[in-house]
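Residue numbers (the working numbering): 4 to 202.
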């Protein structure tokens, strides 16, 4: 499946305005604590980024993530540059409680480093789009607009909602900032600790 997705950052006031608009005009599909382990190839733990692989690969970059959204767990692989609007995406559902086993399997295959992301998310359906609004532990907030229909451009909806999407360069800088200021380095022990708090 191909996904068409854009993202951007918003402050507290903008977040509250967007939340109020979506509460009134869109359908709330789900809300939950989200947890992602990103063990994509090419991670540099000292730099806390994937810069080297991003400089070498563009359309062939592989993102490998194991995710927990509420009780749902899955493996997600995305192909294409991480800041790109269009990417190919594959998902494999796991049974609840299999996330740690999946990570052990990938560690056995050599995927032993990466980042851990934790945040709260609400997902809305509005027109032909899925809109996610996210809150991180330190007050950082962002949004995502996704479409599976190539004829429905998320940028059109962003303009309608007065949202400013990241450019690819801005998004790359934002990811680096978040990796250094919001997220944890991956270890199986850290994953278990966070999962215990989410119970």
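Don't be surprised by glycine CBs; every beta carbon is placed ideally from N, CA and C.
Everything numeric in this text was worked out from a predicted model, so none of it was measured.
* **Three-state class that DSSP yields for residue 11 in the structure shown** => Secondary structure at residue 11: strand, using DSSP grouped into helix, strand and coil.
* Asked: Just the Cα atoms here: how many angstroms apart are residue 60 and residue 27?
  -> For residue 60, the predicted model reports a pLDDT of 48, less than 50, meaning its position is unreliable; a value from the coordinates is still stated below. Roughly 42 angstroms separates the two Cα atoms.
* Pull up the distance between the alpha-carbon of residue 158 and that of residue 30, whole angstroms please. => Residue 158 and residue 30: Cα-Cα distance of roughly 20 angstroms.
* **Close-in-space but distant-in-sequence residues of the same chain around residue 179 (CB under 7 angstroms, 5 per side omitted)** => Closer than 7 angstroms at the Cβ level, and outside the excluded window around residue 179, lie 52.
* Just confirm the distance between the C-beta atoms of residue 72 and residue 98, as a whole number of angstroms; I'd bet it's less than 8 angstroms. => About 14 angstroms; that fails the 8 angstroms criterion.
* To do: Could you give the DSSP three-state label for residue 187: helix, strand or coil?
  => It is a strand residue.
* Between which two residues does the beta strand (DSSP E) harbouring residue 67 extend? -> Where residue 67 is concerned, the enclosing beta strand (DSSP E) stretches over 65-72.
* Anticipated Cβ contact below 8 angstroms, residue 78 with residue 194, distance rounded -> 14 angstroms between Cβ atoms; not a contact.
* Asked: Taking C-alpha atoms, which residue in 110, 39, 43, 93 lies nearest to residue 75?
  -> Comparing Cα positions, the closest option is 39.
* Quick one: which unbroken beta strand (DSSP E) runs of 3-plus residues sit fully inside the segment 114-145? Chain order, please. => Runs found: 118-129, 132-138.
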